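Undergrad:
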Amino acid sequence: MQALGNKKILLGITGGIAAYKSAELVRLLIKAGAEVRVVMTPSAQEFVQPLTYQALSGHRVYVDLFDAEADSAMDHIELARWCDLLLVAPASADFLGKMNAGYADNLLLTLCLASKRPVAVAPAMNQQMFANSATQENLKQLAARDVRVWGPAEGDQACGDFGPGRMLEPEQLLANVALQFVPGKLDGVQLLLTAGPTREAIDPVRYISNRSSGKMGYALAEAALQAGARVTLVSGPVSLVAPPGAKLVAVESAQQMYEAVMQQVAHSDIFIGCAAVSDYRVDQVATHKLKKSENSMSLPLILNVDILAAVSALENKPFCVGFAAETQNLEKYALAKLEQKNLDMIAANPVGNADSGFETDTNQLEVFWRDGHHSIERDNKLAIAKQLIDLIVERYTCARS
Ligand code: PMT
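In terms of my numbering, the sequence shown opens at residue 103 and continues consecutively.
1. Who are the Cβ neighbours of A378 in its own chain at under 6 Å, not counting the five residues just before and after it?
2. Please classify M103 as buried or exposed, where buried requires at least 16 other C-beta atoms within 10 Å of its C-beta.
3. Which residues share a DSSP beta bridge with V384?
4. Any contact of the stretch 395–405 with the stretch 432–443, i.e. 3+ C-beta pairs under 8 Å?
5. In the DSSP assignment, what are the bridge partners of R268?
6. Here's a check: name, in chain order, each residue in its chain whose Cβ is nearer than 8 Å to the Cβ of P452, leaving out the five neighbours to either side.
7. In this structure, what does DSSP give as the bridge partners for E428?
8. What did DSSP end up calling C422 once you bin it into helix, strand or coil?
9. Looking at the secondary structure, which residues open and close the beta strand (DSSP E) in which R497 lies?
10. Assuming R383 and S337 are in contact, meaning their beta carbons sit under 8 Å apart, how far apart are those beta carbons, in whole angstroms?
11. Going by alpha carbons, who is nearest to Y498 out of N397, F373, A485 and L327?
12. Cβ of M447 versus every heavy atom of the ligand PMT: is any distance shorter than 8 Å?
13. Quick check: is any heavy atom of the ligand PMT less than 8 Å from the C-beta of E318?
14. Short of 8 Å in beta carbon distance, which residues of its chain neighbour M231, apart from the five on each side in sequence? Order them along the chain.
15. Compare the beta carbon distance of Q442 and A411 with 9 Å and say whether it is the shorter of the two.
16. Which complete beta strand (DSSP E) runs does the stretch 170–205 hold, if anything under 3 residues is left out?
17. Around the C-beta of K200, are 16 or more other C-beta atoms found within 10 angstroms, so that it is buried, or is it exposed?
18. Select from L112, N108, D408 and I119 the residue whose C-alpha is nearest the C-alpha of G262.
19. To which residues of the same chain is I491 closer than 6 Å at the C-beta, ignoring the five residues directly before and after it?
20. Quick test of the definition: if touching needs 3 or more C-beta pairs under 8 Å, does the stretch 289–306 touch the stretch 331–351?
21. Out of curiosity, what's the CA-to-CA distance linking A216 and N228?
22. Quick check: what's the CA-CA separation for G375 versus N202?
23. State whether the stretch 181–188 contacts the stretch 106–115, with contact taken as three or more CB pairs (one from each stretch) at a distance under 8 Å.
24. List the DSSP bridge partners of K110.
25. Relative to the ligand PMT, is the shortest distance from any of its heavy atoms to the C-beta of K483 smaller than 8 Å?
26. Residues in the same chain with beta-carbon distance under 7 Å from A501, minus the five sequence neighbours each way, listed in chain order, please.
27. Let me know the secondary structure DSSP gives E126 once reduced to three states.
28. Could you tell me the alpha carbon to alpha carbon distance between E417 and F425, rounded to whole angstroms?
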């Protein structure tokens, strides 16, 4: 396979036991046709000798800032410019923290700051270190700045623990690298989508919400990324990890989702409303926890803004795709929403049963546009998402020509 013919990969190696796996990664990248240069942090050299990577890559290994500066043919700015992709694998917790904070006290950190090329990191660390909120926050912020976060995988760890924190296997990292260079159907397209539920506060500890897990929306984000789109995912509270490469904007309420969408929409070519947005919110949110007093109580609700309708009413509106979650009269209600919200396309899913809609791993869709219809048969949500993205590409391309 020469999937990476002429591609220049700068491989950064930080201190971690997984550094030994990166030797195999260098070998695989070169076999796939890439030119590889390796940069090691000082602590990486405690685990593997630079000579190993030098022998495998056929090039000198860069180990410190001043060393790179002394090489007039390739100083650190040149190295940062030279590559098509900068991949840090393994990326330790310490390195990710410094990278997020913008430190530049070693050559690899300097390159991360200086490079305008896509940067990917493959975290590798103890499961508890990975679970720590500081690490999670660092990864979240790096992903929001378009750093691709690949992994980690879950499994046995060198320290004897079990859990997420293992670096992805070299074969998987190679596949991810190759994917970066596959020309996609949505190359250069900015896609904005909403996913998950919203939470409407009743008081400081209670809220109104729904059963959306975010699985459908996150699968769409992944399928769109695979098709080459730049994806911004505005998500309500879910327990899923955003696909690597997506820019995640986390929100809670419908109002916050609306504001986040409006902030991002100006640069978007396609908008997909997959979130289950609460139609109503509590009129007066109590400042203190409500006390039990009467046998019954009522909560006056007021209408939330319709995010999808607001986007499709914009003067320079993106190509707008809505979802319709229906327990009955799927086609009738979906077509009514297509019309009322002035959408380009609507994907209707039957909800309230065991194998489609909310919370399930599978789904099925009836997709409608002004003069067409297509059924997507029941399958897992990623497979469904890929087919829907294909349909969107078709209609979007048609609408632009
Ligand atoms: O998250 P999962 O568990 O995987 O479940 C997926 C899903 C069933 C939630 C998803 O496939 C889906 O159908 N999402 C839309 C659910 C919904 O709220 O449908 P609706 O028919 O009430 O709304 C119609 C459209 O208007 C939707 O695109 C919705 O995002 C949008 N809307 C609704 C209300 C509102 N205030 N603002 C909106 O943008």
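Idealized CB from N, CA, C, for every residue including glycine.
The structure displayed is predicted, hence computed values, not measured ones.
TA: The answer reads as follows:
1. P299, N312 and S314
2. Low per-residue confidence applies at M103: pLDDT is 48, beneath 50, and the placement is therefore not dependable, though the value from the model is reported in the following sentence. When all chains shown are included, M103 counts as exposed.
3. L403
4. no
5. A255
6. E428, T429, L432, S458, G459 and Q466
7. P452
8. strand
9. It is not in any beta strand (DSSP E) - R497 instead sits in the alpha helix (DSSP H) that spans K483 to R502.
10. R383 to S337, Cβ: 18 Å. No contact.
11. F373
12. no
13. Correcting the residue identity first, residue 318 is Met in this sequence and not Glu. Under cutoff, so the answer is yes.
14. A195, T237 and G267
15. yes
16. 187–193
17. buried
18. I119
19. A325, A326 and A329
20. yes
21. 29 Å
22. 30 Å
23. yes
24. E137
25. yes
26. F421 and D446
27. helix
28. 22 Å
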